Amino acid sequence: MTEPVYIASLHRPFNQQLKPSKWICTFVDTLDKSIPSSQILSEFYYYLIKTLNKEYQKELPDAFNGLPSDVAINSIWEYIQNINSKKEFLSELPNIILDRKTVIDKQIYSTYKAASYYLNLAKDKFNLISPKNTLTVNGKALLEIKSNFFRISQREATFYFERILEADFHLFITHCLFIKLGLKYNLKSVIAEQSEFINDYLKIKHFNFTSSSLSNYNIVRNSWVESLNVLDAKFNIRRNYIEIINSNVKFYEWYNELLLLFKKFENEGFKEKMAFVKRKGMFLKIYKQRLKKDKNDLGFINLHNIKGEMRISAENFQKFLVEFYESEKKNRNIYFSNTVNSIDTRERFYIRNRPVIKIKIKDK
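In our numbering, the protein residues as written are 686 to 1049.
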């Protein structure tokens, strides 16, 4: 297995937008000389506020996800205009960011934070800016593509797709594959399964995913998927993007390795797990229906009645019942009984070697 290529951390919402990385390149291109790393963020911040104030007057973006609001930009630019000079504002900026006492202070802090993540994506993730803060070959190539200030053109989409693959191939493509998997199995969420695949199959141990952080990273990557129109109506990666993968020896090798791992993951336990999830849903639905219409014994329902409606063999029902109890006992109070009001000679099921014939379930 190739060493996975991935971005270890992404910021929601400030990394959701790809276009700001081009604004960074435009800013660097306007400089007469290379700028020290200690100054580039504050200088870019001033440029960003000035530029967005101008652009927002012409047109607003389709969505502000990860972009400063027009209200905040207008307020900040008015604040700057009331200061004697750009130099004076930049000298005050560190204290404003530290204090964050007033509404305008907080607006400046938030937009400054956004600018820092835009710079990080362009420089550290996509390699558009060199360590010396000059345009790289890729940065220059991006500026050669003419497009709308906010909207991504088809040529830019191709460009960004390639940059994403170079920096985040394994987690980005994995995210695309799990979108398709969720649709295939009609799942509301695949966070737990995706985390399992990343840890156990991709062997990414650099950091431990929690469901919340993975969910946030997925929101960022999903924004990239949507803005580049990566998936077709059936949630497959579009042909033009597959052609980009196939035309690059490195991408082609990674993609085919990843597909083999993904198919292995799906076949080794995922299908069986999904079969259990489906049966669990059916089991709980039948239990609740019988709870309403049957004459039940203090909430206990006969397991044979549930098994009959599930149309499952006694052997498979026994296996399911054990798995249901062991997986759900932390989330629900599950009670079993072997007593009946009348003689019932039907076979018993066994939970931890105890014969049972009725079940009662209470949510914790």
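Yeah, the Cβ is synthetic: ideal placement off N, Cα and C, and Gly gets one too.
Remember, it's a predicted structure, so these values are computed and weren't measured experimentally.
Cβ pair Leu703, Ser912 closer than 9 Å
yes
Go to Lys1043, then tell me how far its alpha helix (DSSP H) extends in each direction, as first and last residue.
No alpha helix (DSSP H) holds Lys1043; the beta strand (DSSP E) holding it covers Lys1043 to Asp1048.
Are the segment 705 to 713 and the segment 823 to 830 in contact at 8 Å, needing three or more beta carbon pairs?
yes
If you measure from the beta carbon of Gly954 to each beta carbon in chain C, is any gap under 9 Å?
Among the chains in the structure shown there is no chain C, since it carries only a single protein chain.
8 Å Cβ shell around Lys798 - same chain, five flanking residues per side excluded
Phe699
What runs of the alpha helix (DSSP H), each 4 residues or longer, lie entirely inside the segment 713 to 786?
722 to 743, 755 to 766 and 771 to 784
Distance CB(Lys919)-CB(Lys865) smaller than 9 Å
yes
Simplified DSSP assignment, three categories, for Pro705
helix
In whole angstroms, give me the CA-to-CA distance for Leu765 and Leu775.
It is worth fixing the name first, because residue 765 is Ile in this sequence and not Leu. Each residue's Cα considered, the two are about 10 Å apart.
Which of the three DSSP states is assigned to Tyr691 in this structure?
coil
Assuming Asn823 is part of the beta strand (DSSP E), what are its boundary residues?
Taken as a continuous stretch (DSSP letters only), Asn823 belongs to no beta strand (DSSP E), being part of the alpha helix (DSSP H) at Val822 to Leu828.
What residue from Ser874, Glu688 and Glu728 has the CA that sits closest to Pro779's CA?
Glu728
Using the beta-carbon count (16 or more within 10 Å), is Ala807 buried or exposed?
buried
Considering just the uninterrupted stretch of the alpha helix (DSSP H) at Arg836, what are its terminal residues?
Careful: Arg836 lies outside any alpha helix (DSSP H) and carries neither H nor E.
Tell me Tyr1020's beta-bridge partners as DSSP assigns them.
Lys1045
Nearest-angstrom Cα distance between Arg1060 and Ile849?
With the chain covering only 686 through 1049, there is no way to say anything about residue 1060.
Helix, strand or coil, according to DSSP, for Asp809 in the structure here?
helix
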